[in-house]
Amino acid sequence: MKRSIFTCLLAVSLLIILSLGQVNAAGAPKEIILGVPTSLGTLEGKQSHMAAQLAVEEINNKGGVKIGGASVPFRIEALDIRDASPGVPVPEALLGLQKIILEKKAKFIVVGPFRSEAILAGMDIIAKYKTPMLATIAASPAYGAKILKDPKYKYCFRVGADGRHMIGGMISSLFMFKQKFGFNKVYILNQDVAVMRAVANLVKKIAGGKGFKILGIERFLTGSTQFSSALMKVKASGAQIIVSIFDMPESGVMIKQAYAMKIPAVFVGMTTPMHDPSAWKTFDGKIAGVTNEMVELSNMPLSKWPKSLVFHEAFKKRWGTPVRVGKGVAPAYESVYILKAAIERADSLDPDAVVTELEKTDYVGLLGRTKFDKAHQVVYGSDPTKTALIGNYQWSKEGKRVVVSPKSMAEAEVWLPDYMK
Amino acid sequence: MLLGTLIYGLITSATLALLSIGFNITFGISGVANFAYGALYVITGFGAWILCNMLGFPYPLAAMFAVLFSALFSALVYRFFLLRLRGMVLSEVIATFAMGLAILELFRYSGFIGSSYTLPVFFEGSLFIKGIYVDAQRLFVVGIAAGATLLLWLFTRHTRTGRAFRAISQNEFTAMTLGIDSDWTATLSMAFGAAYVSLAAIVILPLGTISPMAGYGILINALAVCIVGGLGSTGGVLIASLIIGYAQQFTESYVGTHWIMIVSLLAIFLVLCIRPSGLLGHQKELEERI
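If you read the protein sequences in the order shown, they are chains A and B. Numbered by the numbering used here, the letters in the first sequence go through residues 4 to 424 in order. Numbered by the numbering used here, the letters in the second sequence go through residues 9 to 298 in order.
If you want it as structure tokens, here you go:
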């Protein structure tokens, strides 16, 4: 009898100790796990993870997230789901998303899958497990359309820009060259993936309707290194502007080859390798005059937006490398702060409560002013006091990236490379 | 447009030939289909980059060391791993494929991603050929491909080791009765094959950037050329390079750039259906083997 009472008491004590391990004395969680399931093997994925980690460390150093009267730290669990690798099927990538929720116990997801195909398919997993996700890399407008259509996707948000913002930035760069130099003949070269096909088609449609002559479109498989025929077609067509829409490293080869083939057209659009501050050295200075859209402008230091300078200095100090990409990094950093603010306002980790507070976000930070629209998409524009920032920069002859739009952030006007004169 | 297509078709064909000869040498002599072939290409690129940018080597020296390292690495892999699997074709394929995957993923995992890894070109500038600008480095690739092929021909005809290569590829057992060490010759052939793909890396990679993902494309193209030309036949490889190179270029110019990869895969499919031994392959037809 005494033995059985003792055993019962021991069991109850153990249960109490174990449960205390999960929550602190005030009932708040011990930590909040943020999942980062993305293609960590890509520069965007890797640096987005680094940015989120930087934000987590800053927040934890200042005491963490205030919830239930206690201060709770964030912790990141990252997983390489390889959805950006050619040949990796989407279902395989989604297994990673599921794993990070079920096994790694992530309460929230930041960054999210790299490819739109994966994130669109992953929305059902997010809805099933009610795990709020703040996506930063994948850019398909279909993401927002699904959220608007079906309330079960209310847990999905996007802090990064989407394909429609890319189009706006590209069209504005076309107009810069049209207004200053009278250029209106355009050739489009794009990577053959979902979002870039959509962007290319929309650029063709919109620019075509605004007085530009679209002389042709060429599509390239991810990993292509042969651009000679397409560039010969561009030259033969008499195009003055090449709209280049790529996120693969090989696209830098195209710009080098265009230089060698003396193609008399300026590059605008979004060519990912151009975002790297070391691109000037990588491409032997053959990129002077290339105008590139940075769809989340705060991914580069902006002399007229001090918050971006603070972030870039902290990033370089923490990781020993500058931000080398134009997508995902600044939004990943901002996502963690936005989430912190929403959790504190909700004073809860309940996903529905946090979602309600996320929808009310009105935060001025690194990106500019961050507010979500009805499709849970951060609004991007040209005034950082009203929207998150989108813009263009142009590589100068001195090997620097110089912001040329929007006007609120511009450091110079567009200029024409020597080979165009 | 046509002239440009013809010029760039020649460049593409030369590039394919330079990429494929090494694979063909290795298979023709050792019988090993080296599925780590693409990884050797990437190892050379990153090796030269590391020697140049992190250890301060002059580029020509870095390139030479990278080629030698690749050759030595392949020889050692064959001697200490693949030799044990010799004759077990499926095991050889699995082992080399796994090794290639591991190498490429190791580079990816170690942070060798992005577009900032490049090698310097040997020749700057462009040449103007009948209205078409062609960069000098690409013409250099054509020259190297021609020179490497000639060197191989001279080597296999006028050197003792080269004649041993030919003997082993014709009939291994007869060659052994004449005192030729087949294991040593096979080891050398792996090293030679690696040296050729490394040479290809040194002259082709400066045209773009070094990326782990490039290894997969190199393997597919080399396989396509060798299967179409006939595994073990250098002449077949050269003819197949021309066929596939021009097919890719004409497809890019007149059909669409996103169909290029299908050309290589379609070539493999058609050859395997119509003439499995390839254009000039030495493997017997099914009827002869039964």
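For each residue, glycine too, the CB sits at the ideal point set by N, CA and C.
Contact under 7 Å by Cβ, residue i with residue j
i      : j      : result
A378/A : G211/A : no
A203/B : V40/B  : no
V271/B : V236/B : no
V298/A : I393/A : yes
S51/A  : V332/A : yes
A203/A : I217/A : no
G244/B : L207/B : no
L224/A : H266/B : yes
A199/B : A83/B  : yes
V68/A  : I346/A : yes
P276/A : P309/A : no
S385/A : S411/A : yes
E100/B : L93/B  : yes
S261/B : T13/B  : yes
A141/A : I122/A : yes
S177/B : I29/B  : no
Collapsed DSSP secondary structure at residue i in the structure displayed
i      : result
S408/A : strand
T359/A : helix
D350/A : coil
Q380/A : strand
M273/A : strand
P304/A : coil
G243/B : helix
F249/A : strand
R118/A : coil
V417/A : coil
Y16/B  : helix
G24/A  : Confidence at G24/A is low in this model, with a pLDDT of 45, below 50, so the placement of that residue should be treated as unreliable; the coordinate-derived value is given next. Three-state result, G24/A: helix.
F111/A : strand
I51/B  : helix
F286/A : coil
G289/B : coil
M198/B : helix
K265/A : coil
L127/B : coil
Buried or exposed by the 16-neighbour rule on C-beta atoms within 10 Å, applied to residue i
i      : result
Y224/B : buried
F88/B  : exposed
L24/B  : buried
T285/A : buried
G24/A  : Residue placement at G24/A cannot be trusted, given a pLDDT of 45 that sits under 50; the coordinates are not used to answer.
A28/A  : In this predicted model, A28/A has a pLDDT of only 45, less than 50, meaning its place in the structure is not dependable; the value taken from the coordinates is given anyway. Label assigned to A28/A: exposed.
F77/A  : buried
P68/B  : exposed
M96/B  : exposed
F314/A : buried
D83/A  : buried
D86/A  : buried
M62/B  : exposed
M257/A : buried
V189/A : buried
E106/A : exposed
P92/A  : exposed
M303/A : buried
Per DSSP, cross-strand counterpart(s) of residue i
i      : result
D143/B : S134/B
D279/A : DSSP lists no partner for D279/A.
W267/B : Bridge partners of W267/B: none, in fact.
G368/A : G371/A
T41/A  : D83/A
T294/A : Q397/A
K69/A  : S74/A
N193/A : R222/A and I248/A
K131/A : BP columns for K131/A are empty, so no partner.
L392/A : G384/A
L137/A : V113/A and F160/A
K216/A : K188/A
Contact test: residue i Cβ vs the ligand FAD heavy atom, cutoff 6 Å
i     : result
T34/B : Ligands displayed in this structure: none; no statement on the ligand FAD is therefore possible.
Cβ pair count under 8 Å reaching 3, the region 251–267 of chain B against the region 16–23 of chain B:
A contact between stretches requires three or more CB pairs, one per stretch, nearer than 8 Å, and the region 251–267 of chain B meets this requirement with the region 16–23 of chain B.
Is the region 315–324 of chain A touching the region 87–101 of chain A, taking contact as three or more C-beta pairs under 8 Å?
Because the criterion of three Cβ pairs below 8 Å is not met, the region 315–324 of chain A and the region 87–101 of chain A do not touch.
Would you call the region 224–233 of chain B in contact with the region 120–128 of chain B, where contact means no fewer than 3 C-beta pairs closer than 8 Å?
With a cut-off of 8 Å, the region 120–128 of chain B and the region 224–233 of chain B do not count as touching, because too few Cβ pairs lie within range.
Should the region 152–172 of chain A be regarded as contacting the region 364–384 of chain A, the criterion being three or more beta carbon pairs within less than 8 Å?
The region 152–172 of chain A vs the region 364–384 of chain A: in contact.
Flag this pair as touching only if the region 357–369 of chain A and the region 327–344 of chain A have three or more C-beta atom pairs under 8 Å; answer yes or no.
In this structure the region 357–369 of chain A lies against the region 327–344 of chain A, because at least three pairs of beta carbons, one per stretch, are closer than 8 Å.
Is it true that the region 263–277 of chain A meets the region 140–150 of chain B, where meeting means three or more beta-carbon pairs spaced less than 8 Å apart?
As far as the Cβ criterion goes, the region 263–277 of chain A touches the region 140–150 of chain B, which means the pair count is three or higher.
Spell out a yes or no on whether the region 46–53 of chain B and the region 171–184 of chain B are touching, meaning 3 or more CB-CB pairs, one atom from each, closer than 8 Å.
Three or more Cβ pairs closer than 8 Å define a contact, and the region 46–53 of chain B falls short of that threshold against the region 171–184 of chain B.
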